[in-house]
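In numbering that gives the first Met the number 0, the protein residues as written are 0 to 423.
Read the structure below first, then the notes.
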Amino acid sequence: MSQSVPASAESHRTSLADYRAALTAPGSRGAVIASLLARLPIAMIGISALLYVQRETGSFASAGLVSAGSLVGVSVGAVVQGRLIDRFGPTRPLLTTTVLFALAMTGLVFAIEAHAPTVLLVPLAFCTGITEPMVGSASRALWTRLLPAGPTRNAAFSYEAISMEVFFILGPGFAGLLIAAPWAGTGIVTGSLTMIAGAVLFALSPIVRVWGPSPSSNQRVLGALASPGMRTLAIAALGFGAVIGFVEVAVPAAATEAGNTSIGGLLLSAWSVSSVAFGVAYSLRPWPRQMGLRLPVLLAGFGALVALLALPGSLWGLALAMLAAGALITPQSTTHSAAIEIAAPKGTAAEAFGWVLTAVTLGLAFGQSISGYLVEHAGHEAAFLAAGGVGFALAVVVWLLRGTFRPQPAGTATEAAELVGAAR
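Now the structure itself:
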């Protein structure tokens with residue numbers, strides 16, 4: 000007998016009042032502010048590292064490999080840290096990884112300054128990625144404990160996705176400006192220090208410190224990924240990340256070819272502007288309603304719009320096309336969080352978000368590494384077309400697996416009240 004999905008789990012409609020209720024939930028303020036600080040430089044660090052390495056080596060291919068190494072590290076660290084957070088709570092894992100991240104980033108910067116070969120820079124970048132504190136996963140998982148299932152929690156997930164897009168507006172722009180500073184490493188160091196400060200504040204905030212281990216934490220080898228729906232979601236997230244990865248190398252390359260390297264980061268910010276604006280509207284009335292259809296439709300549409308980036312012949316035209324393509328970024332990020340509500344086994348929230356982040360970052364690594372090769376051998380237009388093809392192909396796979404989504408037991412209002420009460 001088939002198991003029907005509750006309407007609330009499928010539509011995930013929210014209102015502006017739900018956003019207000021989520022962000023003013025008792026005990027959430029300190030953690031929300033700290034999370035903002037920790038997540039603000041995520042895009043800034045990645046783009047700053049890519050531009051920094053390209054400036055020092057003169058090669059987009061080398062820069063793409065180093066960036067991909069960092070993303071592969073993030074993909075591994077997201078799952079490992081997510082499982083540790085589910086098992087022990089966030090404070091100890093986040094504080095430990097923050098210290099290791101500071102050490103790894105210091106080593107990478109010194110290696111870049113010493114003009115170390117790419118074969119050394121890639122494993123150092125991997126170390127920075129695997130130790131990057133996963134405040135984003137912990138922050139999204141916190142809402143599953145702080146708020147009961149329903150529109151208010153859905154609004155919190157939408158807020159997480161929309162705020163990340165704001166950071167993707169600001170981050171590449173800052174990176175593009177700071178690469179013109181007297182020292183090309185200014186952006187990566189500034190971003191790293193901001194992330195470290197935010198991670199420490201988040202880990203030590205009262206509502207986070209009382210977050211203990213989950214009694215139902217899944218300790219099987221695959222953990223949250225043992226769910227068929229989570230595996231389908233991971234494929235959708237992989238395609239989403241791959242498309243973005245192609246673009247994150249092709250756009251700076253297009254700017255460099257046009258003789259204006261510093262505008263590359265600003266162009267990447269352009270599609271986040273429309274992403275935020277459309278993301279709010281989409282959360283009020285998501286479509287398609289069924290999650291199994293929503294994921295492939297959004298991914299296929301995103302791939303098609305990115306493929307059109309190959310058409311403009313000027314940077315102004317590329318900026319306008321980026322605005323159009325960006326409209327489907329936040330809807331996908333929000334949908335990924337909503338899909339976890341349906342597919343992830345209870346007690347695996349942090350790890351489930353980690354798996355989604357892993358899939359996205361593996362996609363980014365794949366897209367950036369292939370895009371770097373295509374840019375140098377076939378031009379940035381070929382990278383945009385390849386991005387569209389990869390996105391559409393994986394959308395077809397997700398559509399074929401659309402029946403794997405089944406609802407999982409959700410958290411209760413009692414659980415949220417107990418967490419808030421313990422923090423007081």
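Every residue gets a Cβ at the ideal spot worked out from N, C-alpha and C, and that includes glycine.
Exercise. Beta-carbon separation of V52 and A236 under 7 Å?
Worked result: As a first step, residue 52 must be located in the sequence shown, where it is residue number 53. As a first step, residue 236 must be located in the sequence shown, where it is residue number 237. For V52 and A236, no; Cβs fall outside 7 Å.
Problem set entry | Three-state class that DSSP yields for A148 in the structure shown | Counting from one through the sequence shown, the residue named residue 148 turns up at place 149. A148 falls in the coil class under three-state DSSP.
For this session: Report the rounded CA-to-CA distance for A320 versus G388, giving the unit in angstroms.
Result: Counting from one through the sequence shown, the residue named residue 320 turns up at place 321. Counting from one through the sequence shown, the residue named residue 388 turns up at place 389. The alpha-carbon atoms of A320 and G388 are separated by roughly 17 Å.
Exercise. At which residues does the alpha helix (DSSP H) containing Q80 begin and terminate?
Worked result: Here residue 80 is taken as the residue at index 81 of the sequence shown, counted from 1. Counting along the chain, the alpha helix (DSSP H) containing Q80 begins and ends at 59-87.
Exercise. I178 by DSSP, collapsed to three states: which one?
Worked result: Walking along the sequence shown from the start, residue 178 turns up at place 179. Note: I178 maps to coil in three-state DSSP.
Exercise. Since M229 is in the alpha helix (DSSP H), which residue starts that stretch and which ends it?
Worked result: Indexing the sequence shown from 1 puts residue 229 at position 230. Looking at the DSSP string, the run of the alpha helix (DSSP H) that includes M229 is 227-256.
For this session: Kindly indicate which residue of L356, A249, A160, I32 has the alpha-carbon position closest to the one of A198.
Result: In the sequence shown, residue 198 corresponds to position 199, counting from 1. When each option's Cα is compared against that of A198, the closest is I32.
Exercise. DSSP state of A42, grouped into three classes?
Worked result: Within the sequence shown, the letter at position 43 stands for residue 42. A42: helix per DSSP, three-state reduction.
Problem set entry | Same chain, Cβ closer than 6 Å to L93, neighbours up to 5 away in sequence not counted | For the purposes of this step, residue 93 is taken as residue 94 along the sequence shown, with counting starting at 1. Taken in chain order, the residues that qualify are P132, A198, A202.
For this session: Could you tell me the boundaries of the alpha helix (DSSP H) in which F352 lies?
Result: Within the sequence shown, residue 352 is the residue found at index 353, counting from 1. Where F352 is concerned, the enclosing alpha helix (DSSP H) stretches over 348-377.
Problem set entry | 8 Å Cβ shell around T90 - same chain, five flanking residues per side excluded | Within the sequence shown, numbered from 1, the residue matching residue 90 stands at position 91. Result list for T90: A202, L203, V207, R208, W210, in chain order.
Problem set entry | Distance, G81 Cα to N217 Cα | The residue given as residue 217 occupies position 218 in the sequence shown. The residue given as residue 81 occupies position 82 in the sequence shown. Only weak support is given to the placement of N217: the predicted model assigns it a pLDDT of 49, under 50, and the question is left unresolved by the model.
Problem set entry | Spatial neighbours of A155 in its chain, beta-carbon cut-off 7 Å, leaving aside the 5 residues before and after | Your numbering for residue 155 matches position 156 in the sequence shown. Within the same chain, A155 has close Cβ partners A21, W142, L146.
Exercise. Does the Cβ-Cβ distance between L322 and S274 come in under 7 Å?
Worked result: Working through the sequence shown from its first residue, we reach residue 322 at position 323. Working through the sequence shown from its first residue, we reach residue 274 at position 275. With a cutoff of 7 Å on beta-carbon distance, L322 and S274 are scored as not near each other.
For this session: With 7 Å as the threshold, decide whether the Cβ of A254 is near any Cβ in chain B.
Result: In the displayed structure, chain B is absent; only one protein chain is listed.
For this session: Give every residue of the same chain whose Cβ lies closer than 6 Å to the Cβ of G184, excluding the five residues on either side of it in the sequence, and list them in chain order.
Result: Taking the first residue of the sequence shown as position 1, residue 184 is located at position 185. If we look at G184 and ignore the five residues flanking it on each side, its Cβ neighbours are Y51, V108.
Problem set entry | Segment contact flag, the region 57-67 with the region 177-193, C-beta cutoff 8 Å, min 3 pairs | no
Exercise. Roughly how many whole angstroms lie between the Cα atoms of G378 and E247?
Worked result: The residue you call residue 378 lines up with position 379 of the sequence shown. The residue you call residue 247 lines up with position 248 of the sequence shown. Their Cα atoms are separated by approximately 14 Å.
For this session: Please state if the CB of A140 and the CB of A343 are separated by a distance shorter than 7 Å.
Result: Reading the sequence shown from its first residue, position 344 is the one you call residue 343. Reading the sequence shown from its first residue, position 141 is the one you call residue 140. In this structure, A140 does not lie closer than 7 Å to A343 by Cβ.
Problem set entry | Per-residue DSSP class, three states only, for W398 | Counting from 1 along the sequence shown, the entry for residue 398 is found at position 399. In this structure, W398 counts as helix in the three-state DSSP scheme.
Exercise. Looking only at its own chain, which residues have a Cβ that is under 6 Å from the Cβ of I129, when we skip the five neighbours before and after it?
Worked result: The sequence position of residue 129 within the sequence shown is 130, counting from 1. Same-chain partners within the cutoff: G72, V75, G76.
Exercise. Got a sec? Which residues, its chain only, sit under 6 Å from A324 by beta carbon, not counting five neighbours each side?
Worked result: For this step, residue 324 is matched to residue 325 along the sequence shown. W270, L304, V305, listed in sequence order.
For this session: Enumerate in chain order the residues of its own chain whose CB-to-CB distance from I84 is below 6 Å, with the five nearest sequence positions on each side excluded.
Result: For the purposes of this step, residue 84 is taken as the residue at position 85 of the sequence shown. Excluding residues within five positions, the ones whose Cβ falls inside 6 Å are P92, A137, A349.
For this session: Return helix, strand or coil for R284, following the three-state DSSP convention.
Result: Here residue 284 refers to the residue found at position 285 of the sequence shown. R284: coil per DSSP, three-state reduction.
Exercise. Are the beta-carbon atoms belonging to V78 and W354 less than 7 Å from one another?
Worked result: Working through the sequence shown from its first residue, we reach residue 78 at position 79. Working through the sequence shown from its first residue, we reach residue 354 at position 355. Yes, they are a contact pair.
For this session: Alpha carbon to alpha carbon, how far is A180 from I262? Give it in angstroms, no decimals.
Result: Residue mapping note: residue 262 aligns to position 263 of the sequence shown, counting from 1. Residue mapping note: residue 180 aligns to position 181 of the sequence shown, counting from 1. So the two alpha carbons sit approximately 14 Å from each other.
For this session: Could you pull the start and end residues of the alpha helix (DSSP H) that A183 belongs to?
Result: Reading the sequence shown from its first residue, position 184 is the one you call residue 183. Where A183 is concerned, there is no enclosing alpha helix (DSSP H), given that its DSSP letter is neither H nor E.
For this session: Let me know the secondary structure DSSP gives A343 once reduced to three states.
Result: For the purposes of this step, residue 343 is taken as residue 344 along the sequence shown, with counting starting at 1. Of the three classes helix, strand and coil, the one that applies to A343 here is coil, per DSSP.
Exercise. What are the start and end residues of the alpha helix (DSSP H) that includes E112?
Worked result: Your numbering for residue 112 matches position 113 in the sequence shown. Here the alpha helix (DSSP H) through E112 covers 90-112.
Problem set entry | Integer Cβ distance of M43 from G149, believed to fall under 8 Å | In the sequence shown, the residue the question calls residue 43 occupies position 44. In the sequence shown, the residue the question calls residue 149 occupies position 150. Actually they do not touch by this definition, with Cβ atoms about 34 Å apart.
For this session: Provide the residue span of the alpha helix (DSSP H) that contains E260, from first to last.
Result: Within the sequence shown, residue 260 is the residue found at index 261, counting from 1. Note that residue 260 corresponds to Thr in the displayed sequence, not to Glu. Premise fails: T260 is in no alpha helix (DSSP H) and is neither H nor E.
For this session: Could you round the C-beta distance between E164 and T329 to whole angstroms and report it? I think they count as a contact, below 8 Å.
Result: As a first step, residue 164 must be located in the sequence shown, where it is residue number 165. As a first step, residue 329 must be located in the sequence shown, where it is residue number 330. About 5 Å; that satisfies the 8 Å criterion.
For this session: Return the chain-ordered list of same chain residues with a C-beta closer than 8 Å to the C-beta of G402, the five sequence neighbours on each side being excluded.
Result: For the purposes of this step, residue 402 is taken as residue 403 along the sequence shown, with counting starting at 1. Here the set comprises G291.
Exercise. Can the beta-carbon of G45 be found less than 7 Å from the beta-carbon of V121?
Worked result: For the purposes of this step, residue 45 is identified with residue 46 of the sequence shown, where counting begins at 1. For the purposes of this step, residue 121 is identified with residue 122 of the sequence shown, where counting begins at 1. Not a contact, by the Cβ cut-off of 7 Å.
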